[in-house]
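To convert, note that position 71 of the sequence shown is 492 in the numbering used here; the numbers rise steadily by one, no gaps. Each residue gets a CB set at the ideal place from its N, CA and C atoms; glycine is no exception. Structure first, commentary second.
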Amino acid sequence: MELLIPSEQATTGHPVPDASLKEISFFHASEGKPLATPWQVAMTRADYMTQFELPSGMVLDCACGSGIQLAAYASRLKRPALGIELDHDRAIATCLNLNTIARRFSTYGQGWHRRSIVVAGDGTASEEISLIAGFENNSIALLMLDPARPRNSRTHDLDEMQPNLSSVFSAWKPYLASTEKGPCIVLDLSPRLTQELRDGVEAIVESFWPGIDKTWIWMSRGGGRVDRLELWLGGVATPDVTKRFVRLSRTFAGDDAVIEQQEITQSNRHGLQSARRNEWVTILDAALVESGLADAWLHEQLSNVSDIRWAESSPRRPRIHHNGPLKDESHPFVVASGRVVDVLDVALDEANIDAIVAVALENDISAMTIRCGVDAGLQPRLQGSIDRQMRNRQGRRKAFLTRHTTSNHLLLCAQYPQNSDT
Ligand SMILES: C[S@@+](CC[C@H](N)C(=O)[O-])C[C@H]1O[C@@H](n2cnc3c(N)ncnc32)[C@H](O)[C@@H]1O
422 MELLIPSEQA TTGHPVPDAS LKEISFFHAS EGKPLATPWQ VAMTRADYMT
472 QFELPSGMVL DCACGSGIQL AAYASRLKRP ALGIELDHDR AIATCLNLNT
522 IARRFSTYGQ GWHRRSIVVA GDGTASEEIS LIAGFENNSI ALLMLDPARP
572 RNSRTHDLDE MQPNLSSVFS AWKPYLASTE KGPCIVLDLS PRLTQELRDG
622 VEAIVESFWP GIDKTWIWMS RGGGRVDRLE LWLGGVATPD VTKRFVRLSR
672 TFAGDDAVIE QQEITQSNRH GLQSARRNEW VTILDAALVE SGLADAWLHE
722 QLSNVSDIRW AESSPRRPRI HHNGPLKDES HPFVVASGRV VDVLDVALDE
772 ANIDAIVAVA LENDISAMTI RCGVDAGLQP RLQGSIDRQM RNRQGRRKAF
822 LTRHTTSNHL LLCAQYPQNS DT
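In structure tokens:
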């Protein structure tokens, strides 16, 4: 075990640009780059954290990797960082990255940065670390953990986390400062955790801090994928908010789209029996649906949620049918929204594509995007044929094509708003 002081570390290796913000470069060692938290994600969390009143003390990351998330929290919260990393070279990379961020915010050698330390060692060896670093009980304002996981895990089993939750909690519990709502803890977990495994995480947490507040946060950078899943506990949980979904903006420091669930409400989901002309069809962000927050968001968007019919077609393109428009059809959670202008009883293939385009032209359509499952090799050929035939035609509306799940009919939907990308 070795205690490292960030300002005393000589620079080694070459920094590489961050995936989310090219103008900033970080050091990585021992193949730590793919494990590192992108700066946009790290800063979004750190900004969100500023609304909570943390007790005084350090920000502890007991498996800090390259230290990107730690540097974001420490610099934004102006708290000294305590990073612990098993891999010695990565521990040094953390020091260098803390220096980079301190320079970026003009705080190098001052305040939080001067008192930050990094330990190359085991993140569960709390007693030894407290002795060499010279701190006492209640010295940790925030505990965060982003454990290592096997690369190609199928099960995402909780025992695969390195270090694991129980050993981290029992090691650090005596050192955590408390708020009225208990200690402040953030767990960065696998985005693929099932409900059963999430229940398992909650059970471990409950065994240490019974009744503690919990807010689950899903984060997506688009493409229908859940990229991050976290559990915020105690002093950094939002009372009564059990779930939060954040769709990060495409650009750094742009506006994120957020939906929260106030209490556990499971709306009854009606299946889709038939598709009709003039009804509305919306394809939703798959990550929003995966987080379980689609119903909460639809309550905000539709005056009458009871008329929603769910087309359980493909998890990649979750689709609802409804009777009136959404309040905001260009919301970041919407992949496409529109009104059924025609129902076609033909297969979507090369033999029928000319006829399908002819129907679109009759409906005043100028561009049409395929938004239903088609064989990966066929899809570009069909879309190419549509685009070629529609080029230079006089239609005024954009559209998308989807497929009714049970009848297999194609639904030609005029898209709203018309100025959005198809
Ligand atoms: C997913 S990475 C953390 C990435 C970090 N959040 C960042 O922004 O760069 C997890 C790290 O945990 C470290 N680790 C695994 N077991 C550990 C242990 N018992 N003590 C300390 N670190 C450990 C691994 O070496 C790895 O670097």
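Asked, Found
"Residue 589 - DSSP class collapsed to helix/strand/coil", "helix"
"Residue interval of the alpha helix (DSSP H) (run including residue 837)", "Looking at the DSSP string, residue 837 is not in any alpha helix (DSSP H); the run it does join, the beta strand (DSSP E), is 831-837."
"Residue 774 versus residue 796: straight-line alpha-carbon distance, rounded", "15 Å"
"Contact the region 437-445 vs the region 560-572: 3+ CB pairs below 8 Å", "no"
"DSSP bridge partner residues for residue 820 (one or two, in chain order)", "789, 835"
"Residue 729 beta carbon near ligand 1 (any heavy atom closer than 8 Å)", "no"
"Residue 461 CB to nearest heavy atom of ligand 1 below 8 Å", "no"
"DSSP state of residue 465 mapped onto helix, strand, coil", "helix"
"Neighbourhood of residue 583 by C-beta distance below 6 Å, restricted to the same chain and skipping five residues each side", "568, 569"
"Proximity test, residue 487 beta-carbon vs ligand 3 heavy atom, cut-off 8 Å", "This structure simply doesn't include ligand 3; it includes ligand 1 instead."
"Residue 557 versus residue 549: straight-line alpha-carbon distance, rounded", "12 Å"
"Coarse secondary structure for residue 446, derived from DSSP in three states", "strand"
"Distance cut-off 8 Å: residue 511 Cβ against heavy atoms of ligand 1", "yes"
"Status (buried if at least 16 other CB within 10 Å, exposed otherwise) for residue 552", "exposed"
"Secondary structure of residue 606, DSSP reduced to three states", "strand"
"Distance cut-off 8 Å: residue 430 Cβ against heavy atoms of ligand 1", "no"
"contact_flag[the region 691-710, the region 740-747] where n(CB pairs < 8 Å) is 3 or more", "yes"
"Helix, strand or coil at residue 743 according to DSSP, with G and I counted as helix", "strand"
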